[in-house]
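Residue numbers (this note's numbering), protein chains in the order written: chain A, 182 to 270; chain B, 3 to 322.
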């Protein structure tokens, strides 16, 4: 199992569209992937789960993955956060 | 509502419409913290027996307390109020719209205690208040799954992502059962030691169905298709059919799902082609209810019959 701290850079935070992109990406990996924020831990493959976090810009969340492709999964999801979910130029 | 690990402010209790608070005295101290889930009726505490009066508990004054104070002579009453309020209580709620007397309010003010008045009778006031406080102070846990009311039972449908939890739940909603929470359900232990689940406010009434997106069950199916919260009675875990795994063939497995120190009956349902999950779940519920009401399982009935019936005569030669 690996973990990575990740800052949220996009203005709107983990709103519906960003959460959809994130869960879509998480579903491409077989590893179990979780987002941890404020003691809440949700499945990154669950769109509604991500929405319940209500995490916004500037917050730091923890990405956690366990499985054969955990490294690739964390890297790809971390990149998605860093790219601000491709929302802003 | 802001969450504070140390407690909840009396001002937040005032906002609860179910408590029917009509008036507030000593409002300056309305931000005092209640740090205990059980409301307290002072009772003997007013006579000077303070042993069990706890500083963090919201106090309820009913007819008994009011009547007792009124029966005291002035000097004695002042002493009693002083001793009682010096315990630094977070707040007093007077029930049944009883008019708090000026010296109670003054006594409370000396020790920074707000006094609230509710329209409710003491018993419903205490029960509503403790129901709320129990939920507020209870340890909470989020579980991945769909929480539904099926035949009056709270059922959590769990399983790996993409196995078809939401699709199965949608079929069940279509059959007339109620959705409480899709994907993530939040559980707490209520004052009856029951595990109660509800949806996070953000995703209440919502369901995600791949291909359709996020849909609002309340808008599509109406208010009768959703429920605010439900006690959990059964967990049904959907899993990919594994030919090597031994599934319950006789209906004799008694599995439990452990959560927050409680045990909830668990059924593992393998998902495979040709298995209509919503129907299987409905039947599982009927079977669960039958067992709960004391019906024997097939196997129990069979072994009981074998124990009481005389053994069949051994085949002998004379039959030939």
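The beta carbon of each residue, even a glycine, is placed where N, CA and C say it ideally should be.
As the structure is a prediction and not an experimental result, all values here were calculated from the model.
For a contact meaning CB atoms closer than 9 Å, what does residue 224(A) contact in chain B? 146, 163, 185, 186
Residue 42(B) - DSSP class collapsed to helix/strand/coil: strand
What's the gap between the Cα of residue 10(B) and the Cα of residue 94(B)? 14 Å
For a cutoff of 8 Å on Cβ pairs, would you count residue 9(B) as touching chain A? no
Environment of residue 242(A) [buried if 16+ CB atoms lie within 10 Å]: buried
For residue 232(B), which beta-bridge partners are listed by DSSP? 199(B)
Only counting runs of 4 or more residues, tell me where the alpha helix (DSSP H) segments fall wholly within the segment 118-162 of chain B, in order along the chain. 124-139
Just to confirm the assignment, what range does the beta strand (DSSP E) spanning residue 272(B) have? 264-273
Contacts that residue 227(A) makes with chain B (C-beta to C-beta distance below 7 Å): 146, 163, 185, 186
In chain order, what are the residue ranges of uninterrupted beta strand (DSSP E) at least 3 long that sit wholly in the segment 66-114 of chain B? 94-96
Taking the CB atoms as reference points, tell me whether residue 216(B) and residue 228(B) lie closer together than 8 Å. no
Starting from residue 223(B), follow the alpha helix (DSSP H) in both directions and report where the run begins and ends. 219-223
Cα separation between residue 128(B) and residue 244(B)? 51 Å
Going by the beta-carbon positions, is the gap between residue 122(B) and residue 106(B) smaller than 8 Å? no
Would DSSP call residue 324(B) helix, strand or coil? The structure shown does not extend to residue 324(B), since chain B is modelled only from 3 through 322, so no value can be given for it.
Would you identify the three-state DSSP class for residue 186(A), choosing helix, strand or coil? strand
Taking C-beta pairs closer than 7 Å, name the residues in chain A that residue 202(B) reaches, listed in chain order. 233
When we look at the beta-carbon of residue 158(B) and count the other beta-carbons within 10 Å, is it buried (16 or more) or exposed? buried
When we look at the beta-carbon of residue 72(B) and count the other beta-carbons within 10 Å, is it buried (16 or more) or exposed? exposed
Three-state secondary structure (DSSP) of residue 56(B): coil
Please list, in chain order, the residues of the segment 240-259 of chain A that have any C-beta partner in chain B closer than 9 Å. none
Buried or exposed, going by whether 16 or more other CB atoms sit within 10 Å of the CB of residue 180(B)? buried
Can residue 161(B) and residue 268(B) be called in contact, C-beta distance under 8 Å? no
Which of helix, strand or coil DSSP assigns to residue 244(A): strand
CB of residue 210(B) within 8 Å of CB of residue 228(A), strictly: yes
Mapping the DSSP letters down to three states, classify residue 25(B) as helix, strand or coil. strand
Neighbouring residues, chain B, relative to residue 194(A) (Cβ below 8 Å): The premise fails here: residue 194(A) is roughly 12 Å from chain B at the closest Cβ pair, so nothing lies under 8 Å.
Residues in the same chain with beta-carbon distance under 7 Å from residue 22(B), minus the five sequence neighbours each way, listed in chain order, please. 120, 121, 122
Length of the line joining the Cα atoms of residue 102(B) and residue 96(B): 7 Å
Measuring only between beta-carbons, confirm whether residue 267(A) sits less than 8 Å from chain B. no
Give the interface partners of residue 263(A) over in chain B, defined as CB-CB distance under 7 Å, in chain order. Ordered by position in chain B, no residue passes the 7 Å Cβ test against residue 263(A), which lies about 24 Å from the chain.
Quick one: what's got a C-beta closer than 6 Å to residue 25(B)'s C-beta in the same chain, skipping five residues either side? 119
When you compare the CB of residue 191(A) with every CB in chain B, is at least one pair closer than 8 Å? no
Run through chain A and tell me which residues come within less than 7 Å of residue 205(B), C-beta to C-beta. 229, 232, 233
Could one say the Cβ of residue 158(B) lies closer than 8 Å to chain A's Cβ atoms, at least one of them? no
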